[in-house]
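J.:
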Amino acid sequence: MGNVKTDIQIAQENDMLPIIDIANQIGLKQADLNLYGNYKAKINWDAVDKLRDNKSGKLVLVTAISPTPAGEGKSTVTVGLGDALTKAGQRTMIALREPSMGPTMGMKGGAAGGGYAQVQPMEEINLHFTGDFHAITSANNALAAFIDNHLQQGNELDIDERRITWKRVMDINDRALRNIIVGLGGPTNGVPREDGFDITVASEIMAILCLATSIADLKERIGNIVFGYDRQRRPLTVRDLKMEGALTLILKDALEPNLVQTLYHTPALVHGGPFANIAHGCNSVIATQTALKLADYVVTEAGFGADLGAEKFLDIKVPVLGKTPDVIVIVATIRSLKMHGGIKVADLKNTTDPSAVKRGFSNLKKHIENMQRYHVPVVVAINAFTQDTKEEVAVVEAECERLGVSCQVTDVWGQGPEGGLKLAEAVVKASENKQDYTPLYECSNTIIEEKISRIVKEIYGGEEVLYTPKARQQLKQFTKNGWDKLPVCMAKTQYSLSDDPKKLGRPQGFTITIREFVPKIGAGFIVAMTGDILTMPGLPKQPAALNMDVLEDGTVTGLF
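For the sequence shown, the numbering used here assigns the number -18 to the initial residue and increments by one for each residue that follows.
#1: Of the choices K319, I106, I128 and G395, whose alpha-carbon is the least far from that of A51?
#2: I need the straight-line Cα distance from M(-18) to E380, nearest angstrom please.
#3: Does the count of Cβ pairs from the stretch 450 to 463 and the stretch 276 to 293 closer than 8 Å reach three?
#4: Leaving out the 5 sequence neighbours to the left and right, which residues in its chain are closer than 7 Å to D530 when beta-carbon positions are compared?
#5: Tell me the rounded alpha-carbon separation between P216 and L240.
#6: Thinking C-alpha only, which one of H356, A126, Q133 and M103 is nearest D(-4)?
#7: Excluding the 5 residues preceding and the 5 following L40 in the sequence, name in chain order all residues of the same chain whose CB lies nearer than 6 Å to its CB.
#8: Locate the beta strand (DSSP E) running through S387, then write down its first and last residues.
#9: Go through the stretch 143 to 218 residue by residue and report every complete run of the beta strand (DSSP E) that reaches 3 residues or more, in order.
#10: Quick one: using the 10 Å Cβ neighbour count with 16 as the cut-off for buried, is A273 buried or exposed?
#11: Applying the 10 Å Cβ sphere with the 16-neighbour rule, what's the burial state of G18?
#12: Across which residues does DSSP place N364 in a beta bridge pair?
#13: Alpha carbons only, please: which of I429, E430, Q353 and T460 is nearest the one belonging to T419?
#14: Using a Cβ-Cβ cutoff of less than 8 Å, which residues in the same chain neighbour I196 once the five nearest sequence positions on both sides are dropped?
#15: Taking 7 Å as the CB-CB cut-off, is D296 touching chain D?
#16: Please tell me whether G442 and L478 are closer than 7 Å, where the distance is taken between their beta carbons.
#17: Is it buried or exposed for Q270, if we count other Cβ within 10 angstroms and need 16 for buried?
#18: Ignoring anything shorter than 4 residues, give me the alpha helix (DSSP H) runs that lie fully in the stretch 18 to 77, in order along the chain.
#19: Can you list, in chain order, the residues of its chain whose CB lies under 6 Å from that of V219, leaving out five sequence neighbours each side?
#20: What are the boundary residues of the alpha helix (DSSP H) that A452 is part of?
#21: Tell me whether P48 is buried or exposed, calling it buried when 16 or more other Cβ atoms sit within 10 Å of its Cβ.
#22: Run through the DSSP bridge pairs and tell me what T538 is partnered with.
#23: Contact check, F491 vs K484 under 8 Å by CB: the rounded distance?
#24: So, is T111 buried or exposed, given that buried needs 16 or more other C-beta atoms within 10 angstroms?
#25: What are the complete beta strand (DSSP E) segments, minimum 3 residues, inside the stretch 485 to 533?
#26: Going by C-alpha to C-alpha distance, which of I514, R212 and R78 sits closest to P143?
#27: Under the three-state reduction of DSSP, which class applies to P335: helix, strand or coil?
#28: Which first and last residues belong to the beta strand (DSSP E) in which E413 is found?
#29: Please report the Cβ distance between P398 and A45, rounded to the nearest whole angstrom; I am assuming they are in contact, meaning their Cβ atoms lie under 8 Å.
#30: To the nearest angstrom, how far is it from the Cα of H109 to the Cα of N264?
#31: Check for me: the beta strand (DSSP E) holding T281 runs from which residue to which?
#32: Work out the CA separation of L384 and V361 for me, nearest whole Å.
#33: Identify the residues that DSSP records as bridge partners of L14: which are they?
#34: Could you please give the first and the last residue of the uninterrupted alpha helix (DSSP H) stretch that includes C381?
#35: Use the C-beta contact count for T511: other C-beta atoms within 10 angstroms, 16 or more gives buried, fewer gives exposed.
#36: Would you say G519 and R156 are within 7 Å of each other, going by their C-beta atoms?
Take a look at the structure:
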């Protein structure tokens, strides 16, 4: 094992093709691109617009079981499946989210796939890439600056500084900035008030960028942002500040999708990056739509487990995208199933326990049932590790067979596209099945409480929903404001189907408590905050950044 190459070594030893060559594979020319060096580019608006009338390819959504510290490898399987479809002769594209520097520098270390299933240039994708996150951060904080300036310059809108809901953001984990005071230092330095920071990926601007379908739609959504309330408790919007044009200007380039490639040279659009535990967890509608117009198969992923990213993909993104998945792939590992079956992470390497796998299968089974509830074909991918035994794998295969679901062992991390050919074959076969997509709820005739009840009871398997007095009061106000017909985006721990991260497997009889709501009117959904979920994470005791460095010749080390 000592000779196993790291992800970054594999990436650096692989020869990339010029991004113009990748574009040519999918019928694009240099005039369709805004180049960012030799190996990354944005597809410009003229090209995006010309593609809108093209026939759409098939859409494959990759999701996973509830994540554990043992790892699932959802992004790795997404990239590997795309490469395997390419190797099998299918015209394929991949659509992924951009990694946030918060988890990259914190615990995760990067999110560009792994092993021999990566998108490139992985160092740049994991760091500043094409500057999209900087643009989102700048637009968000420009709005914050203009709100405070409005207070300073006479407060014509009668903004109640106690009810400003808009926070500043930055793309790094910094718990010390969750709650702050701004405007200190005397009359020339602004009006003192409480404020705080979220991480950039939790910003409504990020959600808007990922759901906008055009520059005009982007501007409309930005204008609809509610940043606070006046002294009569009436909502105030960016349109009231007359700032929608300036903020759209900051974001106009960021809205164009980013074209890169995999190690196997499959074209990939990596664009947008909302977290799935505090936002909707999907890459941009623009990127997914563009890929669908350029390829016969598009493989995309939704963050964390199927109870979070996939539910939000199906109930929030699909109505805007106008295309339902043709297949849903649920990724699991034997290691994670054993953890859901009661084995501690420290004991995984030395424990062969088919009975723990069977107990942990309860979590995978619930996710399978949830995705089947939408009437979309489901395939299970076992992301292989060297410690997996035949007996343990056989348990999963047998349980999946009982449910009538195809189950394929996949080793794209170690073998690249070759290790994903059986999964690719199963996905193509499943995509030929007739589907009758059924959403969890109809927004226009379902109140917020009923939407939440369906998510909690049907998707999480919970028994009851409780609301704090603050949440109850907000519901009354939302109905008065006409916001009760919007979809709901649940902010919940990713580690459990419940709102308690310690309840692994398939918990029963639990209650979900909604502590408050955050209206994201520009994005077009209401966020329901549960448990102890945070919109600004903190750094761990040993951040991944401690292993990162750059050598004298510019070579990056320590990213994974």
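Every residue gets a Cβ at the ideal spot worked out from N, C-alpha and C, and that includes glycine.
T.: Looking at the coordinates:
#1: K319
#2: Confidence in M(-18) is poor, its pLDDT being 42 and thus under 50, which makes the residue's placement too unreliable to answer from.
#3: no
#4: T538 and G539
#5: 39 Å
#6: M103
#7: V279, K304, P306 and D307
#8: S387 to T391
#9: 149 to 151, 161 to 163, 174 to 176, 178 to 180, 207 to 211 and 216 to 218
#10: In the sequence as presented, Ala is not what sits at residue 273; that position holds Leu. Buried: at least 16 other Cβ atoms inside 10 Å.
#11: exposed
#12: T391
#13: Q353
#14: W26, T229, K233 and L236
#15: Reference to chain D is not applicable here, since this structure consists of a single protein chain.
#16: yes
#17: buried
#18: 26 to 32 and 55 to 68
#19: I203, G204, I206 and E225
#20: P450 to N462
#21: buried
#22: D530
#23: 7 Å
#24: buried
#25: 492 to 501 and 506 to 511
#26: Note that residue 143 is Arg in the sequence shown here, rather than Pro. For the residues I514, R212 and R78, the minimum Cα distance to R143 belongs to R212.
#27: helix
#28: Run containing E413: none; DSSP gives neither H nor E here.
#29: Actually they do not touch by this definition, with Cβ atoms about 20 Å apart.
#30: 17 Å
#31: Y278 to E282
#32: 11 Å
#33: I24
#34: K371 to R383
#35: buried
#36: yes
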